[in-house]
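Engineer:
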Amino acid sequence: MGSRVRVWLNRTYAENVFFMDQLRSNPQLRPVEIHATHGDPDSPVLAAADTAAMEPEGLSPAAYVEYALDQCARHSIDVFVPVLHQAAIVAHRAEFAALGTALLAPPSEAVAVFLDKATAYQAVQAVGVPVPPWWRVRTEEELVAAVETLEAEGHKACFKPAAGAGGVGFRVITRSPFSLAHLNGFPSPYVPLDLVVEAVRAADEPVDWLVMPLLGQPEVSVDCLTAPDGRVRMAVGRTKNGRRRGFTLHPSFIEPARLLAEAFGLHYLTNIQFRMLGDDPVLMDVNTRPAGGLHQLSQCGINAPWAAVQLALGEEPGEMVPPLLGQDYTVLAGPRPVRPVSLPHQRTDAPASTLPAVPAPAPATEAAPASEPAPSHASKASNATTAAIAPA
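Structure, rendered in structure tokens:
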């Protein structure tokens, strides 16, 4: 058993409670203490942490960097996993290193490439990774022209913000007029073209969207772990086809993911997503952060969060090859605790509140009601446990 490791997760998604669980259950039995901060007092990451604090609201990226440096100094953070304001934080890596804090995030040059999806697509095409046809649109005329081109080629058009994450703003274009069909059942990503055109025309400023064909399943999210020496230590694909999930090491997904991770210096944990354009996989997105569904790799015998922390500490986890791929599985919703009382908002000059650890409940045994997945390029893992299902 080695010395204690202090890890900080700043404002992040709820699924990172599983990231925290895996750090604590590391195979070396090394003690890990986790500090978490968030803007939502009911985020489960606050309840799951050893110490927690509410983040100040309204900070600029530069002011947030100062806040983050103060947190690392105050809490003796060994490894910081930044999600909020990642780009601003990694630009100050040397200042964090001077405090003894390693940033579990790629270099600033790599993060900058993938902040904008159009810039990213151009960059990855240059190294030989296929991308779908796409148009950057800012006006109604550009939008209509892109949609008509795609439809003439037999595709269904969709759009998403040129900068964004988590599937926010993703919509699929339909020619069907707005009717009760759009109001029945669950909300749908499908929007009539005439309503989109009207909204763009009435907007106070231009939109900044990418228009592209609606890509097919399966979706394959390749979780990569790349060392600062540029060599990939792990690349495992998580397949998603409706409710069915599984794992793959197929070279049509793994090889381009490795190429991108090495070519752009995507150090530590990143997630590279592919979907199908006809029979061929094409790049959908690159996330320069751990994926929300990263914990699912434990189904095939890998603890990726701990291996990443080892790399950040200058230790060598070795090649992370899954000992098994296992059978297919599905994702089930399950409860996680939250704090019984909301935390007060933290002043930047005040120490963080210290919260006792809250044990996680046993995994849920009752499945959530089944529903058909929406046709989306986004792939967000739920705050969930996994359950095996028989192969098709």
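If you read the sequence shown in the numbering used here, its first letter stands for residue 92, the second for the next number, and so on.
Note that the Cβ used here is the ideal one computed from N, Cα and C, for glycine as well.
1) Report the residue from HIS246, LYS247, ALA203 and VAL181 whose alpha carbon sits nearest the alpha carbon of ALA254.
2) Looking at the secondary structure, which residues open and close the alpha helix (DSSP H) in which TYR212 lies?
3) Please report the straight-line C-alpha distance between TYR104 and THR265, rounded to a whole angstrom.
4) CA-CA distance, ALA188 and PRO118?
5) Could you work out which residue in ASP141, LEU306, PRO132 and HIS386 is closest to PRO122 when comparing CA atoms only?
6) Going by Cα to Cα distance, which pick from GLU146, THR128 and PRO147 is closest to ALA138?
7) Within 10 Å of its beta-carbon, does PHE277 have 16 or more other beta-carbons around it, so buried, or fewer, so exposed?
8) Count the other CB atoms within 10 Å of the CB of PRO372; is the residue buried (16 or more) or exposed (fewer)?
9) Sort out for me which residues DSSP pairs GLN364 with in a bridge.
10) Can the beta-carbon of ARG336 be found closer than 7 Å to that of TYR420?
11) By the three-class DSSP mapping on this structure, what secondary structure does TRP225 have?
12) Give me whichever residues DSSP pairs with LEU301 in a beta bridge.
13) Run the CB neighbour count on GLY333, radius 10 Å, all protein chains shown included, and call it buried at 16 or more, exposed below.
14) Measuring straight from C-alpha to C-alpha, what distance separates GLN308 and GLU239?
15) I need the DSSP call for PHE338, collapsed to helix, strand or coil.
16) May I ask you to report which of helix, strand or coil DSSP gives ASP112?
17) Let me know the secondary structure DSSP gives VAL220 once reduced to three states.
18) How far does the beta strand (DSSP E) with PHE171 in it extend, from its first residue to its last?
19) Between the alpha carbons of GLY191 and GLY405, how many angstroms are there, rounded?
20) Would PHE205 and THR379 be called neighbours here (beta carbons separated by less than 7 Å)?
21) Excluding five sequence neighbours on each side, which residues of the same chain lie with their C-beta closer than 7 Å to the C-beta of LEU368?
22) Relative to the alpha-carbon of LEU241, which residue among TRP225, ALA424, HIS273 and ILE125 has its alpha-carbon at the smallest distance?
23) Bridge partners of ASP371, per DSSP?
24) Between the region 335-352 and the region 168-180, are three or more C-beta pairs nearer than 8 Å?
25) Using a threshold of 7 Å, state whether the C-beta atoms of GLN387 and ARG292 are closer than that.
26) Per DSSP, TRP99 forms a beta bridge with which residues?
27) Which partner residues of TYR281 appear in the DSSP bridge assignment?
28) If we call anything under 7 Å between Cβ atoms a contact, is PRO135 one with VAL432?
29) Determine the closest residue to CYS391 out of VAL215, VAL327, TRP300 and ALA179, with distance taken between C-alpha atoms.
30) Could you say which of ALA154, GLU148, VAL422 and THR361 lies nearest to LEU316 if we only look at CA atoms?
31) What's the C-alpha gap between ALA443 and VAL313?
Structural biologist: Per the coordinate set shown:
1) Mapped onto the sequence shown, residue 254 falls at position 163. It is ALA203 whose Cα lies nearest to the Cα of ALA254.
2) One-based indexing of the sequence shown puts residue 212 at position 121. Run containing TYR212: 208-217, per the alpha helix (DSSP H) assignment.
3) Taking the sequence shown and counting its residues from 1, one reaches residue 104 at position 13. Taking the sequence shown and counting its residues from 1, one reaches residue 265 at position 174. Computed Cα separation, rounded: 31 Å.
4) Sequence index remark: in the sequence shown, residue 188 carries index 97 (1-based). Sequence index remark: in the sequence shown, residue 118 carries index 27 (1-based). ALA188 and PRO118: Cα-Cα distance of roughly 26 Å.
5) Taking the sequence shown and counting its residues from 1, the one referred to as residue 122 is at position 31. Per the Cα distances, ASP141.
6) On the sequence shown, residue 138 is found 47 positions in, with the first residue counted as 1. Of GLU146, THR128 and PRO147, the residue nearest in Cα terms is THR128.
7) Locating residue 277 in the sequence shown gives position 186, where the first residue counts as 1. Exposed.
8) Taking the sequence shown and counting its residues from 1, the one referred to as residue 372 is at position 281. Answer is buried; the Cβ neighbour count reaches 16.
9) For this step, residue 364 is matched to residue 273 along the sequence shown. DSSP lists SER312 and ASP376 as partners of GLN364.
10) Residue 336 sits at position 245 when you count from the first residue of the sequence shown. Residue 420 sits at position 329 when you count from the first residue of the sequence shown. In contact: ARG336 and TYR420 (Cβ atoms closer than 7 Å).
11) Numbered from its first residue, the sequence shown carries residue 225 at position 134. TRP225: coil per DSSP, three-state reduction.
12) For the purposes of this step, residue 301 is identified with residue 210 of the sequence shown, where counting begins at 1. According to DSSP, which records beta bridges pairwise, LEU301 is partnered with ARG227 and LYS251.
13) Here residue 333 refers to the residue found at position 242 of the sequence shown. By the C-beta density criterion, GLY333 is exposed, having fewer than 16 other C-beta atoms within 10 angstroms.
14) Working through the sequence shown from its first residue, we reach residue 308 at position 217. Working through the sequence shown from its first residue, we reach residue 239 at position 148. If you take the alpha carbons of GLN308 and GLU239, they lie about 23 Å apart.
15) Translated into the one-based positions of the sequence shown, residue 338 becomes position 247. It is a strand residue.
16) Position 21 of the sequence shown, counted from the start, is the residue given in the question as residue 112. Correct three-state label for ASP112: helix.
17) The residue you call residue 220 lines up with position 129 of the sequence shown. The answer is coil: DSSP assigns VAL220 none of H, G, I, E or B.
18) Position 80 of the sequence shown, counted from the first residue, corresponds to residue 171. Membership of PHE171 in the beta strand (DSSP E) is indicated by the continuous run 170-172.
19) Indexing the sequence shown from 1 puts residue 191 at position 100. Indexing the sequence shown from 1 puts residue 405 at position 314. Each residue's alpha carbon lies about 12 Å from the other.
20) Against the sequence shown, residue 205 aligns to sequence position 114. Against the sequence shown, residue 379 aligns to sequence position 288. Contact: yes.
21) Counting from one through the sequence shown, the residue named residue 368 turns up at place 277. Hits under 7 Å: PRO223, PRO304 and LEU306.
22) Reading the sequence shown from its first residue, position 150 is the one you call residue 241. Checked all of TRP225, ALA424, HIS273 and ILE125; the closest Cα to LEU241 is TRP225.
23) In the sequence shown, the residue the question calls residue 371 occupies position 280. For ASP371, which the question treats as bridged, DSSP gives the partners LEU368.
24) no
25) The count along the sequence shown starts at 1 and reaches residue 387 at position 296. The count along the sequence shown starts at 1 and reaches residue 292 at position 201. No.
26) To locate residue 99, count along the sequence shown from 1; it is residue 8. Answer is HIS126 and PHE171, bridged to TRP99.
27) Residue numbering aside, residue 281 sits at position 190 when the sequence shown is read from its first letter. Paired residue(s): VAL263.
28) For the purposes of this step, residue 135 is taken as the residue at position 44 of the sequence shown. For the purposes of this step, residue 432 is taken as the residue at position 341 of the sequence shown. Against a cut-off of 7 Å, the Cβ pair of VAL432 and PRO135 comes out as no contact.
29) The count along the sequence shown starts at 1 and reaches residue 391 at position 300. Comparing Cα-Cα distances from CYS391 to each of VAL215, VAL327, TRP300 and ALA179, the minimum goes to VAL327.
30) On the sequence shown, position 225 is the one that residue 316 refers to. Nearest option by C-alpha distance: THR361.
31) Within the sequence shown, the letter at position 352 stands for residue 443. Within the sequence shown, the letter at position 222 stands for residue 313. Note that ALA443 scores 49 on pLDDT, short of 50, meaning its location in the model is unreliable and no value can be drawn from it.
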